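Have a look at the structure below, then the notes.
Number of protein chains: 2
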Amino acid sequence: MEIIDISWPLRPDTTAYKDHKTIIFTTKKTIDSDGVRESILTCGSHSGTHIDAPAHFIKDAETIDQAPLDRFVGPCKVVDLTHVQGAIHAHDLYDLDIEEGDFLLIKTSNSTLSATAPFNKDFVYLNASAAQYLVELDIGLIGFDYLGIERQQPDHQTHRLLMDADIMIVEGLRLGHVAAKSYFFVCLPLAVVGLEAAPARAILVGGL
Amino acid sequence: MEIIDISWPLRPDTTAYKDHKTIIFTTKKTIDSDGVRESILTCGSHSGTHIDAPAHFIKDAETIDQAPLDRFVGPCKVVDLTHVQGAIHAHDLYDLDIEEGDFLLIKTSNSTLSATAPFNKDFVYLNASAAQYLVELDIGLIGFDYLGIERQQPDHQTHRLLMDADIMIVEGLRLGHVAAKSYFFVCLPLAVVGLEAAPARAILVGGL
Numbered sequence: 340m341e342i343i344d345i346s347w348p349l350r351p352d353t354t355a356y357k358d359h360k361t362i363i364f365t366t367k368k369t370i371d372s373d374g375v376r377e378s379i380l381t382c383g384s385h386s387g388t389h390i391d392a393p394a395h396f397i398k399d400a401e402t403i404d405q406a407p408l409d410r411f412v413g414p415c416k417v418v419d420l421t422h423v424q425g426a427i428h429a430h431d432l433y434d435l436d437i438e439e440g441d442f443l444l445i446k447t448s449n450s451t452l453s454a455t456a457p458f459n460k461d462f463v464y465l466n467a468s469a470a471q472y473l474v475e476l477d478i479g480l481i482g483f484d485y486l487g488i489e490r491q492q493p494d495h496q497t498h499r500l501l502m503d504a505d506i507m508i509v510e511g512l513r514l515g516h517v518a519a520k521s522y523f524f525v526c527l528p529l530a531v532v533g534l535e536a537a538p539a540r541a542i543l544v545g546g547l
Numbered sequence: 340m341e342i343i344d345i346s347w348p349l350r351p352d353t354t355a356y357k358d359h360k361t362i363i364f365t366t367k368k369t370i371d372s373d374g375v376r377e378s379i380l381t382c383g384s385h386s387g388t389h390i391d392a393p394a395h396f397i398k399d400a401e402t403i404d405q406a407p408l409d410r411f412v413g414p415c416k417v418v419d420l421t422h423v424q425g426a427i428h429a430h431d432l433y434d435l436d437i438e439e440g441d442f443l444l445i446k447t448s449n450s451t452l453s454a455t456a457p458f459n460k461d462f463v464y465l466n467a468s469a470a471q472y473l474v475e476l477d478i479g480l481i482g483f484d485y486l487g488i489e490r491q492q493p494d495h496q497t498h499r500l501l502m503d504a505d506i507m508i509v510e511g512l513r514l515g516h517v518a519a520k521s522y523f524f525v526c527l528p529l530a531v532v533g534l535e536a537a538p539a540r541a542i543l544v545g546g547l
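First to last, the sequence lines map onto chains S and L. Using my numbering, you'd call the opening residue of the first sequence number 340 and step up by one each time. Using my numbering, you'd call the opening residue of the second sequence number 340 and step up by one each time.
This is the structure:
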C-alpha cells in the first residue's frame with residue numbers, strides 16, 4: 340500500500356485566497372511551563388485543502404456534516420491538464436476518459452506554485468463550459484489544485500452548475516508530484532457541525 | 340464498501356478535556372451580505388478526535404506533520420472492553436487477539452456518553468500496566484474513545500510508555516455504534532505544520 344499526501348500544508352504563511360490569511364497557531368501550554376505542549380488553531384473553513392458544501396452559496400442548504408462521507412472516498416482518476424493556460428474549457432476535457440460517477444482530480448500548472456506563494460489571481464480555473472460538460476457526464480466529485488476552482492464569474496457559475504448537479508467540490512489539492520492515473524481517493528473533512536465548508540486532509544492510496 | 344464515521348463531532352458545545360472549551364465558529368461572510376457564506380474555525384489541537392505527536396510531551400520531538408500517514412491508515416481491530424470500570428489493566432487485555440503491528444481500537448463505556456456531555460473526570464482509561472503490555476506486544480497504534488487515554492498519572496506514564504515505543508495514539512474516537520471486529524482504519528489529521536497534535540477525522544471502512 341502506498342499513500343500519497345495531496346493536501347495543502349497549513350501554517351500561518353500558507354497561501355490564502357486573495358491573500359486574506361486566516362491561519363493562526365497560538366501556544367496554550369508549553370513543556371517548560373506546564374509539562375505538556377498544547378496549541379490552539381484558527382483557520383478559515385476554506386483554508387488549504389477543503390470541501391465546499393452547498394451552504395457555501397445557497398442559504399439554508401446542506402452543510403458539510405450533512406454530506407455522507409462516501410461522497411469523498413472512492414476510486415478516482417487524476418488527469419493532466421498542465422498544458423492549459425487560463426481557463427479550462429469543455430473542449431480541453433473531450434479527449435479524457437471520464438465516466439459517470441467518476442471522482443476526477445484535475446492536475447494543472449497551479450500545482451507548480453509554492454504552497455506559501457502570494458495568491459496568484461491568474462490561476463488556471465474551470466470555466467462554465469467545462470463545468471457544464473462534467474455535469475452532463477454526471478461525475479461524482481471534482482478535485483482541483485488551487486484554492487478556488489473558478490474566477491472572473493461574479494455569479495459563481497462554475498460552483499453553481501456543479502453544486503446544482505450534486506457534484507462535490509474539493510479545492511486546494513496539491514498534485515504536482517502525482518502521476519496522471521487511477522488511485523483510491525480519501526478526503527476527510529474535519530467533523531465540524533453546521534458549517535458551509537471544512538478543511539480536510541486528502542490522500543491517494545495505491546496498491547490497496 | 341461501507342464507511343463508518345468514528346469521529347467526535349466538533350461544535351462549540353462539544354465536550355472538552357476538563358471542560359476547557361476551545362471551539363469557536365465565527366461568521367466571516369454571509370449570503371445575505373456578501374453572496375457567499377464563509378466561516379472561521381478555532382479549536383484546540385486536542386479537540387475531539389485527534390492524534391498526539393511526541394512533541395506533546397517531549398521538547399523538540401517529532402511534530403504531527405513529521406509522522407508518515409501510513410502510521411494512521413491500515414487494517415485495525417476494534418475490541419470491546421465496555422465491561423471494564425475505571426482503569427484498564429494489562430490483565431483486561433490478556434484474552435484478546437492482539438498481534439505485533441496491530442492497530443488496536445478500544446471500545447469502552449466512554450462511548451455511551453453524549454458528545455456534548457460535561458467532561459467525565461472518572462472516564463475509563465488505560466493504566467501503565469496495560470500500556471506496558473501493549474508495548475511488549477509491539478502494536479502500531481492505539482485508538483481510544485475518550486478525550487484522554489490516561490488520568491491520575493502526574494508523569495503521564497501511559498503516554499510516555501506508548502510514545503517511547505513509537506506507538507501512535509489517537510484519542511477522541513466514538514465507538515458506541517461499532518461492532519468489535521476487524522476493519523480498515525483511516526485517520527487523517529489536518530495538515531498543520533509544526534504542531535504537537537492535530538484534530539483529525541477517523542473512519543472505518545468495511546468491504547474494501
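Where is the CB? At the ideal position from N, CA and C, for every residue including glycine. Here the structure is a predicted model, which is why all the values come from computation and not from measurement.
By the CB criterion at 8 Å, leucine 543 of chain S and isoleucine 506 of chain S fall outside the cutoff. Boundaries for aspartate 399 of chain L: no alpha helix (DSSP H) harbours it, and the DSSP string shows neither H nor E there. Against chain L, the beta carbon of proline 528 of chain S has neighbours under 7 Å at Arg540, listed in chain order. Judged by DSSP in its simplified three-state form, aspartate 358 of chain S adopts helix.
In this structure, S/Lys446 is the residue among S/Lys360, S/Lys446, S/Cys382, S/Leu486 with its C-alpha nearest to the C-alpha of glutamine 424 of chain S.
Taking a Cβ-Cβ cut-off of 9 Å, glutamate 439 of chain L has no neighbours in chain S, whose nearest Cβ is about 18 Å from it. Residue L/Gly482 holds the alpha-carbon nearest to the alpha-carbon of cysteine 415 of chain L among L/Arg499, L/Leu486, L/Thr353, L/Gly482. In the DSSP assignment, the residues bridged to tyrosine 464 of chain L are L/Ala426. Within chain S, no C-beta atom comes nearer than 9 Å to that of glycine 479 of chain L; the closest sits roughly 13 Å away. Per DSSP, the continuous beta strand (DSSP E) segment holding aspartate 344 of chain S begins and ends at 341 to 344. For histidine 498 of chain S, DSSP assigns no beta-bridge partner whatsoever. Annotation: serine 346 of chain S to aspartate 391 of chain S spans about 15 Å, alpha carbon to alpha carbon. About 31 Å separates the Cβ atoms of isoleucine 343 of chain S and threonine 365 of chain S, ruling out a contact at the 8 Å cut-off.
By the neighbour-count criterion, in which 16 or more other beta carbons inside 10 Å mark a residue as buried, histidine 498 of chain S falls on the buried side.
Taking 8 Å as the cut-off, the Cβ atoms of alanine 530 of chain L and histidine 389 of chain L do not count as close. A straight line joining the alpha-carbon of glutamine 492 of chain L with that of glycine 545 of chain L spans about 36 Å. Listed in chain order, the non-local C-beta contacts of leucine 480 of chain L below 6 Å within the same chain comprise Phe442, Met507, local neighbours out to five positions each way being set aside.
Of all residues in the segment 465 to 479 of chain S, none has a C-beta nearer than 8 Å to a C-beta of chain L.
Annotation: the continuous alpha helix (DSSP H) that includes serine 372 of chain L extends over 370 to 373. One thing to note: histidine 428 of chain S has its Cβ within 8 Å of the Cβ of asparagine 466 of chain S.
Straight-line spacing of the CA atoms in isoleucine 403 of chain S and phenylalanine 523 of chain S works out to 22 Å. Here DSSP, grouped into helix, strand and coil, assigns alanine 406 of chain S to coil. For aspartate 409 of chain S, the residues of chain L that pass the 8 Å Cβ criterion are Met340, Ile342, in the order they occur in the chain. Close CB contacts of glutamate 341 of chain L within its chain, under the 6 Å cut and outside five residues either way in sequence, are with Gly545, Gly546 (chain order).
In this structure, DSSP gives aspartate 391 of chain S an extended state, which the three-state scheme calls strand.
In the DSSP assignment, leucine 380 of chain L falls within the unbroken beta strand (DSSP E) covering 377 to 383. Within chain S, the C-beta atoms nearer than 7 Å to that of histidine 395 of chain L come from Val375, Arg376, in chain order. Residue-level contact check: cysteine 382 of chain L touches chain S, since one or more beta carbons of chain S fall below 8 Å from its beta carbon. Distance between histidine 430 of chain S and tyrosine 464 of chain S, taken at the CA atoms: about 14 Å. Counting every other CB atom within 10 Å of its CB across the protein chains shown gives asparagine 459 of chain L a total below 16, marking it as exposed.
Leucine 432 of chain S places its beta carbon 8 Å or farther from that of leucine 512 of chain S.
In this structure, the straight-line span from the alpha carbon of glycine 515 of chain S to that of valine 418 of chain S is close to 12 Å. A direct Cα-Cα distance of roughly 5 Å separates alanine 394 of chain L from alanine 400 of chain L. For lysine 446 of chain L, the enclosing beta strand (DSSP E) starts and ends at 442 to 446. Taking 8 Å as the threshold, the shortest C-beta distance from threonine 388 of chain S to chain L falls below it. In the structure shown, threonine 451 of chain L falls within a helical segment according to DSSP collapsed to helix, strand and coil.
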